[in-house]
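Take the sequence shown: its letters are residues 46 to 326, numbered as in the numbering used here.
We put the CB at the ideal spot given by N, CA and C, even for glycine.
Here the structure is laid out as structure tokens; the discussion comes afterwards.
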Amino acid sequence: MTATTAAPVRPDVPRTALVTGAGRGIGRHLALALAREGYALGLVARTRERLEVVADEARALGAPVTVAVADLVDATEVADAVARVEAGLASQGGIGLLVNNAGVIEHAEAPFAQDDVEDVWRVIETNVRGPLLVTHAVLPGMLARGAGRVLNMNSGSGHRALTTYTGYAVSKGALARFTTQLHAQYAGAGLRVLDLAPGVVATDMTAGMPVHDGRTEWTSPQDVAHLVLGFAAGELDDLSGRFVRAGVDTVASLQERVGAIVATDARTLRLATWGPDDPVA
């Protein structure tokens, strides 16, 4: 008889979450949804007044909350904010889920030649450097515990070219690659990571985008929260490194298709080839 070695048991992920951009919009909705499900929270954004309002709402739901103010493109401020949240959540096991939600879009809806390159770069820096810095600060704790989940708030524009909003599209494409990198490097260490496109939710950001003028159909924040809560609970762990979209996908529909998704290596960023004989395949 040949002895076999059991696979290592992956520790439980703490029922805690750090949410960036939590002071308004989708971030607020997600923070409150997590609070209702019993998660302890760390809320991070640039404006303390907005964060404190959301924190009070979450505490009224029974959630322990730590607030930390930071400009997410400033490495020192991010490190300090994450350390504050880790300390605040230490009694609950540390940070179990990171939701990289904070993001911006260009001021003008224009093709690249008519856009302001500095504004384009502002968007790329915020939407890419921010998640890089926050994740880099959170990862050591997750890896030390042998488990953790990172959710990157992405967009269909990370996979599809746009006729405007160049910085936003570039940033979301980079974020999608970051998701695949994290999965490739740390899945074996207990990390699970997911790209989630929220669809078009009615927020301050979408209200300022001419492309949505006259829109009557919006993605429900509850649909976004449904997928976030499913991922937080481990129900989408088999799709780590991949892409889901609120308003189209549900936890149940994704679980039904997980075999096909994994078998065809679907829902992930990669180069399409003409076939197996393509030299870049």
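- Assign LEU188 to one of three DSSP states: helix, strand, or coil. helix
- Status (buried if at least 16 other CB within 10 Å, exposed otherwise) for ASP268: buried
- Query: DSSP state of VAL112, grouped into three classes?
  - Reply: strand
- Range of the contiguous alpha helix (DSSP H) that encloses PHE276: Counting along the chain, PHE276 sits inside the alpha helix (DSSP H) bounded by residues 266-277.
- Message: What does the alpha-carbon distance come out to for the pair LEU196 and TYR210?
- Response: Their Cα atoms are separated by approximately 23 Å.
- Message: One question on the structure: do ALA103 and ALA80 come within less than 7 Å of each other, judged by their Cβ atoms?
- Response: Taking the C-beta atoms as reference points, ALA80 is found nearer than 7 Å to ALA103.
- Run of the alpha helix (DSSP H) containing ALA153, from where it starts to where it stops: Element bounds for ALA153: n/a, residue is neither H nor E.
- If you compare alpha carbons, which of GLY279, GLY244, PRO185 is closest to SER202? GLY244
- Item | Length of the line joining the Cα atoms of ALA115 and ARG315 | 33 Å
- Mind checking which residues open and close the alpha helix (DSSP H) that includes VAL162? First-last of the alpha helix (DSSP H) with VAL162: 162-169.
- Task: Tell me, please, which residues DSSP counts as bridged to GLY193.
- Result: LEU236
- DSSP-derived helix/strand/coil call for GLY286: In the displayed model, GLY286 falls within coil according to three-state DSSP, outside both helix and strand.
- Which residues in the same chain have their Cβ closer than 6 Å to the Cβ of GLN366, if we skip the five residues on either side of it in sequence? Within the shown structure, residues of the chain are numbered from 46 to 326, placing residue 366 beyond reach of any answer.
- Item | Minimum C-alpha distance to GLY304 - residue among LEU281, ASP240, VAL99 | Ranking the options by Cα distance to GLY304, first place goes to LEU281.
- What does LEU63 pair with, by DSSP beta-bridge criteria? Answer by DSSP bridge pairing, in chain order: GLY87, LEU143.
- Query: What distance in whole Å lies between the Cβ atoms of GLY212 and VAL179, which are believed to be in contact at a cut-off of 8 Å?
  - Reply: Not quite, the Cβ-Cβ distance comes to about 19 Å (not below 8 Å), so this is no contact.
- Item | Residues near THR111 by beta carbon distance below 6 Å, same chain, minus five either side | The residues are GLY87, VAL130, GLY133.
- Query: Would a C-beta distance cut-off of 7 Å place LEU274 and ALA291 closer than the cut-off?
  - Reply: Contact: no.
- Closer than 6 Å: GLU154 CB and nearest the ligand SAH heavy atom: Annotation note on the ligand SAH: not contained in the displayed structure, which lists no ligands.
- Query: Within 10 angstroms of its Cβ, does THR50 collect 16 or more other Cβ (buried), or is it exposed?
  - Reply: With a pLDDT of only 43 at THR50, under 50, the local geometry of the prediction cannot be trusted, and the value read off the model is given with reservation. Counting Cβ neighbours within 10 Å, THR50 comes out exposed, since fewer than 16 surround it.
- Query: According to the neighbour-count rule (16 or more other Cβ atoms, all chains shown, within 10 Å of its Cβ), is ARG205 buried or exposed?
  - Reply: exposed
- Hey, ALA90 and GLY68: beta-carbon distance below 7 Å or not? For ALA90 and GLY68, yes; Cβs fall inside 7 Å.
- Going by the CB atoms, is the gap between GLN137 and THR61 shorter than 7 Å? yes
- Three-state secondary structure assigned by DSSP to ASP294: strand
- Kindly indicate the opening and closing residues of the alpha helix (DSSP H) around LEU75. Membership of LEU75 in the alpha helix (DSSP H) is indicated by the continuous run 70-81.
- What's the C-alpha gap between ALA234 and VAL64? 22 Å
- With DSSP run on the structure shown, which of helix, strand or coil describes ALA242? strand
- Message: Assuming the contact rule is C-beta atoms closer than 8 Å, ASN145 and MET198 should be a hit. Round their C-beta distance to whole Å, please.
- Response: 6 Å
- Could you check if ALA100 is buried or exposed, using at least 16 other CB atoms within 10 Å of its CB as the buried criterion? buried
- Tell me where the alpha helix (DSSP H) around ARG45 begins and ends. The structure shown does not extend to residue 45, since the chain is modelled only from 46 through 326, so no value can be given for it.
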